[in-house]
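First the structure, in the form of C-alpha cells, and then the observations on it.
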Amino acid sequence: YLLDANERSILQKKLSKVQRKILRAVPGAAIASDQAFRIHDLAIDFCEDVPALSKNEIQKIVNIFEKEGATAKVSSIHVNGWFGSWDKVSMIKRIALDVLDLNLDRPAHNRKAVYVGDSPNDEPAFAFFRNSIGVANIKEFTSQLIHPPRYVTKKKGGNGFQEVARKIVRAQKK
30 YLLDANERSI LQKKLSKVQR KILRAVPGAA IASDQAFRIH DLAIDFCEDV PALSKNEIQK
90 IVNIFEKEGA TAKVSSIHVN GWFGSWDKVS MIKRIALDVL DLNLDRPAHN RKAVYVGDSP
150 NDEPAFAFFR NSIGVANIKE FTSQLIHPPR YVTKKKGGNG FQEVARKIVR AQKK
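Count the sequence shown with this note's numbering and you get residues 30 to 203, in order.
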C-alpha cells in the first residue's frame, strides 16, 4: 500500500464525504463498478454503466472534487479523484523499480517500456514514456492534450490494446 492502515482509513472517510456530495449534486452519476477494488481514489462513473452525463455535469463532478481539496482527472468513462500528490507516472515508476528493477528515468529502461492509454488522465504518461500509445478513443480528446501519445491505434478500447500487443509479439518473433 502507498499509505498505512490509519492513513487509508482517514482517506476513505474523506472520499466517502466527497462521494455523498457528488451523488447528491449530480443526478445520474454513480460510483464506478470497480470502486470496490480501489484504495486511494474515488471513481465516479459518467457513461460506462450509466446513461452518459453532459460535459457540464462532468465538470460539476470535477469542481466538487477540487472544492474538497482533491485532485480530479477525467478519463473516458470516469472522473477519478484522490487526495495526495501522486499521479500515474510516479506510481508506474515506483512499481517498475520495486517489482521489475527498472528505473524508468534511465533512457535505456524507458526505451524498453510501452505505455498504452485512452484518455486525458493518461497525458502525464504520454509525455513521460518514449513509447506512448493511445487507443483510438483518445482521438475524442486530442484537442485537450498538450502531450498526445506518439502513436494511436486504429481500434478503440480493448481491441486497440490487442492491436498493440499483437504488434509487440510479432516484433519479438523477428
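Heads up, the beta-carbon is just placed ideally off N, CA and C, and yes, glycines get one too.
Suppose contacts are defined by Cβ-Cβ distances below 7 Å. Is residue i in contact with residue j by that definition?
i    : j    : result
K102 : N160 : no
D70  : N109 : yes
I93  : I73  : no
K185 : P153 : no
Would residue i be called buried (16 or more neighbouring beta carbons within 10 Å of its own) or exposed?
i    : result
I175 : exposed
V145 : buried
P80  : exposed
G189 : buried
A34  : exposed
What is the residue span of the beta strand (DSSP E) that residue i lies within?
i    : result
G98  : Per DSSP, G98 belongs to no beta strand (DSSP E) and is neither H nor E.
I73  : L71 to D74
N132 : Here N132 belongs to no beta strand (DSSP E), and DSSP marks it neither H nor E.
I162 : S161 to G163
H107 : H107 to W111
V145 : Y144 to G146
Under DSSP, the alpha helix (DSSP H) around residue i begins and ends at which residues?
i    : result
L82  : Neither: L82 is in no alpha helix (DSSP H) and is coded neither H nor E.
I39  : A34 to A54
I124 : K117 to L129
Going by CA-CA distance only, name the one from the options that's closest to residue i.
i    : options                   : result
R67  : G57, L31 and L52          : L31
F158 : S172, H138, L129 and E86  : H138
K96  : V118, D130, K46 and K42   : K46
Q191 : T171, I162 and K203       : I162
I60  : Q173, K122 and Q48        : Q48
K183 : V143, A165, E169 and F170 : A165
E77  : A65, A54 and S104         : S104
R135 : K122, I87 and V128        : K122
G113 : V55, K168 and L40         : L40
I106 : A99, S83 and F155         : S83
With a threshold of 6 Å (Cβ to nearest heavy atom), would residue i be considered close to the ligand MN?
i    : result
G146 : In the structure shown, the ligand MN is absent, as is every other ligand, since no ligand is present at all.
If you reduce the DSSP assignment to three classes, tell me which class residue i lands in.
i    : result
G186 : helix
A65  : helix
K168 : helix
Return no unless some Cβ of chain D is closer than 7 Å to the Cβ of residue i.
i   : result
N92 : No chain D is present in this structure, which holds just one protein chain.
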